[in-house]
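**Student:**
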Amino acid sequence: MATSSPARQQHPKAPAVFVFDPVWLAEEQPTVKRLVFLADCLAEIPGLEVWLGDPATILSHRAAAVGAGHICVATTACPRVRQTAAQLEKTVPVVPVDWPRFCDDSRVKDLGRFSRYWNKVSKSALQPTA
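Quick note: the sequence shown uses our numbering, first residue 1, plus one each step.
(1) Which residue marks the beginning of the beta strand (DSSP E) containing Ile71, and which one marks its end?
(2) Which same chain residues end up closer than 6 Å to Leu52 when comparing Cβ atoms and leaving out the 5 residues on each side of it in sequence?
(3) Taking the alpha helix (DSSP H) that Leu126 belongs to, which residues open and close that run?
(4) Which runs of the beta strand (DSSP E) spanning at least 3 residues fall entirely within the region 15 to 85, listed in chain order?
(5) Leaving aside the five residues before and after Pro96 along the sequence, list all residues of the same chain whose C-beta is less than 7 Å from its C-beta, in chain order.
(6) Do Leu88 and Ser122 have their C-beta atoms closer together than 8 Å?
(7) Report the rounded CA-to-CA distance for Arg62 versus Pro79, giving the unit in angstroms.
(8) Could you check whether Val92 and Ile71 sit closer than 8 Å to each other, using their CB atoms as the reference points?
(9) In the DSSP assignment, find the alpha helix (DSSP H) that holds Pro6 and state where it starts and stops.
(10) Select from Val36, Ala86, Ala77 the residue whose C-alpha is nearest the C-alpha of Gly132.
(11) Cβ of Val66 within 8 Å of Cβ of Pro12?
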């Protein structure tokens, strides 16, 4: 949900929406420090709407409220975001927008631990991108 998000860059006039998922909050139990960090990051995004509730429901309602024919989402490996996009597809088309390649992740099989991921991609991630 950065201002550099490809979805945001391709559709700069579209509403930008972030939804705090109470299920995620209950499962993850982020510390106050992490929540403050998230809030600070979100506060830096101009015009961002921040909601609390079921992401698929809120995004579907917001799309209907502004007459959007689809919802653009930057592609992600995050299973929760992918699950929300699949739920949204039942009510409104979801258009994935690819990020530029960060690294060569062809050897990455397990995203369960950042350290394992970083060990596989760090050399290519530190190279200049096109």
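Note that the Cβ used here is the ideal one computed from N, Cα and C, for glycine as well.
**Tutor:** Quick answer:
(1) Its beta strand (DSSP E) spans residues 71 to 74.
(2) Leaving aside the five residues that flank Leu52 on each side, the residues in its chain whose CB is nearer than 6 Å to its CB run, in chain order, Phe20.
(3) Run containing Leu126: none; DSSP gives neither H nor E here.
(4) Entirely contained in the region 15 to 85, the beta strand (DSSP E) runs reaching 3 residues are, in chain order, 17 to 20, 49 to 52, 71 to 74.
(5) If the five residues before and after Pro96 are omitted, its C-beta is found closer than 7 Å to the C-beta atoms of Val73, Thr75, all from its own chain and listed in chain order.
(6) Cβ distance not < 8 Å, so Leu88 and Ser122 don't count as in contact.
(7) Their Cα atoms are separated by approximately 22 Å.
(8) Contact: yes.
(9) DSSP places Pro6 in the uninterrupted alpha helix (DSSP H) bounded by 6 to 10.
(10) With the chain represented from 1 up to 130, any question about residue 132 goes unanswered, as that position is not in the structure.
(11) Cβ distance not < 8 Å, so Val66 and Pro12 don't count as in contact.
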